[in-house]
Structure formats: C-alpha cells, structure tokens
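**Student:**
Chains as they are written, first to last, in this note's numbering: chain A, 8 to 120; chain B, 41 to 154.
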C-alpha cells in the first residue's frame, strides 16, 4: 500500500543550526509530495510541494527534492530559527480526483536560542 | 478571516452527549475533508466530500456522522463517544481534479471525551 515514513522526533537544535528531517515513501505510481507544518495550537499549513521526480520545492528557507530513485523527500533548512519550532508532516497524494493526502506521523522540531 | 474556520476550538463532552463540530470554508473549493489527529499517530482521513457527495468513509465508527449541506459547510455529528475518541479533529478543503493541488486546513477542534 501507499505510506509515508518520517524520522522520529523530537529534533532539538540550536538557533542557526542545519536541519534535516528525513521522509521516505512507498507508493504505486508517481505521487505528488508535500511538507506541511503545524505550529502550536494551529492547523496544518502547506510548506512546500513537488509534483514530479527531481522537482525541488522551496519556501521560507526550507527545501526538499523529490528523489524517485531513493523514494525520498527530505526536508532541509540551512539555518533554523526559534520560530521554526513546530511539527512537520510529510505527505503524498496522487493526481486527479479528490485530494486524498497520506501523511507521515510527523516530526516535532524544537529550536533553542 | 481565515480560509477554513472550525468551531468550537475546544469541546469537552460526556460519553452520553450529542454534539456537532462545524467547518466552514470561504475559498470556493469543491471538496472538504475530516481528519483525526491523535497523539503519536499519523493523521487519519475520516471522510471526504466532493461536490457535496460523500466519496470516502474510512471505516469510521457510526458514532461519527458527517453532513455536508453545501460546498461551503461540513459538520461532524458526535454521539455516544468513547474516551479514545479524544483527539484534534481537523477539517480541510481543496479544489480538486489537479495534480498537487493544495489542501487548506482549519485550526481544528480539540475534543475531550470524559
């Protein structure tokens, strides 16, 4: 079946550190891939997306590249800020039809000054 | 005004109560969703409505009953819940049919069943 696996958290970093959150997927076919972020007390917000192999999604200093050969979509940021503290969800969906997102379990990021 | 609004934000109910969660979207989208977010578990898709018709029901117990009276509103009616139903319930909407189309989420209703 289709699934998403993320690295377990929490991830604890100091401000300005480099961030990587690993995400791998299992899917029949070629899904679109997403990273969503959930700040404390809020719903999910789309952070970035990629719709085909080798696409790079980027937003707010975060990047992720769709790697078909390794079925991965790792999230990276060169220099994190305290305001990046949140839970990050990797997700996939297939084209057409309604928007059935399949989520990973989420990775909590805590950034300290 | 946010794109997807959920009310109430917090709800405490007894196991014999009947309550409803409300979701409203102001984005002109044609599909709406209910997700359940429990601690340390992936988000679970509960129901999908596309063009006001229920197109998916992921083996959700009958004590959860969705209603979509029009494309802008979605309800989740709750009755005789169990303590394990305590969770954050998230509503989302999207304009479907295209690859990679974005789902917009509300802030959620934090439900506690006592």
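No residue lacks a Cβ here, since even glycine has one placed at the ideal position from N, Cα and C.
Predicted model only: the values in this text are computed from it and were never measured.
1. Using only CA atoms, which one of B/127, B/141, B/89 lies nearest to residue 80 of chain B?
2. Shorter than 9 Å from the beta carbon of residue 80 of chain A to some beta carbon of chain C?
3. In whole angstroms, what is the alpha-carbon distance linking residue 38 of chain A and residue 23 of chain A?
4. Report the option in A/32, A/116, A/46, A/99 whose CA atom is closest to the CA atom of residue 83 of chain A.
5. Decide yes or no for the touch test of the segment 61-68 of chain A against the segment 12-27 of chain A: beta carbon pairs closer than 8 Å, at least 3 of them.
6. Let me know the beta strand (DSSP E) ranges lying completely inside the segment 59-114 of chain B, each 3 residues or longer, listed in chain order.
7. Kindly indicate which three-state DSSP category residue 124 of chain B falls into: helix, strand or coil?
8. Return the CA-CA distance between residue 79 of chain A and residue 41 of chain A, expressed in angstroms with no decimal places.
9. What residues from chain A crowd round residue 81 of chain B, counting only those whose CB sits closer than 8 Å?
10. Could you check if residue 83 of chain B is buried or exposed, using at least 16 other CB atoms within 10 Å of its CB as the buried criterion?
11. Three Cβ pairs or more, each shorter than 8 Å: is that satisfied between the segment 24-37 of chain A and the segment 109-126 of chain B?
12. How close, in whole Å, do the beta carbons of residue 59 of chain B and residue 118 of chain B come, if the pair is a contact with beta carbons under 8 Å?
13. Would residue 107 of chain A and residue 85 of chain B be called neighbours here (beta carbons separated by less than 9 Å)?
14. What does residue 148 of chain B reach in chain A if we use C-beta pairs closer than 7 Å?
15. Do you know offhand how far residue 51 of chain A's Cα is from residue 74 of chain A's?
16. Give me the Cα-Cα distance between residue 8 of chain A and residue 25 of chain A, rounded to the nearest whole angstrom.
17. Considering only the beta carbon of each residue, do residue 51 of chain B and residue 131 of chain B sit closer than 9 Å?
18. Within 10 angstroms of the Cβ of residue 87 of chain A, are there 16 or more other Cβ atoms? Answer buried if so, exposed if not.
19. Check distances from the C-beta atoms of the segment 63-91 of chain B to those of chain A and list, in chain order, the residues that come in under 8 Å.
**Tutor:** Reading off the structure:
1. As a working note, residue 80 of chain B is residue 40 in the second chain. The residue with the shortest Cα to Cα distance from residue 80 of chain B is B/127.
2. Checking the listed chains, one finds no chain C in this structure; the protein chains it contains are A and B.
3. Locating residue 38 of chain A in the first chain gives position 31, counting from the first residue. Locating residue 23 of chain A in the first chain gives position 16, counting from the first residue. About 32 Å.
4. Numbered from 1 along the first chain, position 76 holds the residue referred to as residue 83 of chain A. Measuring from the Cα of residue 83 of chain A, the nearest candidate turns out to be A/116.
5. no
6. 71-77, 84-90, 93-97, 104-110
7. As a first step, residue 124 of chain B is located in the second chain; it is residue number 84 there, counting from the start. Reduced to three states, the DSSP call for residue 124 of chain B is helix.
8. Start at 1 with the first residue of the first chain, and residue 79 of chain A comes out as number 72. Start at 1 with the first residue of the first chain, and residue 41 of chain A comes out as number 34. Looking at the two C-alpha atoms, the distance is approximately 11 Å.
9. Position 41 of the second chain, counting from 1, holds the residue named residue 81 of chain B. What residue 81 of chain B touches in chain A: 112.
10. In the second chain, residue 83 of chain B corresponds to position 43, counting from 1. By the 10 Å Cβ count, residue 83 of chain B comes out buried.
11. no
12. Taking the second chain and counting its residues from 1, one reaches residue 59 of chain B at position 19. Taking the second chain and counting its residues from 1, one reaches residue 118 of chain B at position 78. 5 Å between Cβ atoms; contact.
13. For this step, residue 107 of chain A is matched to residue 100 along the first chain. For this step, residue 85 of chain B is matched to residue 45 along the second chain. Yes, the pair counts as a contact, with Cβ atoms nearer than the cut-off.
14. The residue given as residue 148 of chain B occupies position 108 in the second chain. What residue 148 of chain B touches in chain A: 50.
15. For the purposes of this step, residue 51 of chain A is identified with residue 44 of the first chain, where counting begins at 1. For the purposes of this step, residue 74 of chain A is identified with residue 67 of the first chain, where counting begins at 1. The straight-line gap from Cα to Cα measures roughly 24 Å.
16. Within the first chain, the letter at position 1 stands for residue 8 of chain A. Within the first chain, the letter at position 18 stands for residue 25 of chain A. Cα to Cα, residue 8 of chain A sits roughly 33 Å from residue 25 of chain A.
17. Here residue 51 of chain B refers to the residue found at position 11 when the second chain is read from its first residue. Here residue 131 of chain B refers to the residue found at position 91 when the second chain is read from its first residue. No.
18. For the purposes of this step, residue 87 of chain A is identified with residue 80 of the first chain, where counting begins at 1. The residue in question, residue 87 of chain A, is buried, as its Cβ has 16 or more Cβ neighbours within 10 Å.
19. 71, 73, 80, 81, 82, 83, 85, 88, 90
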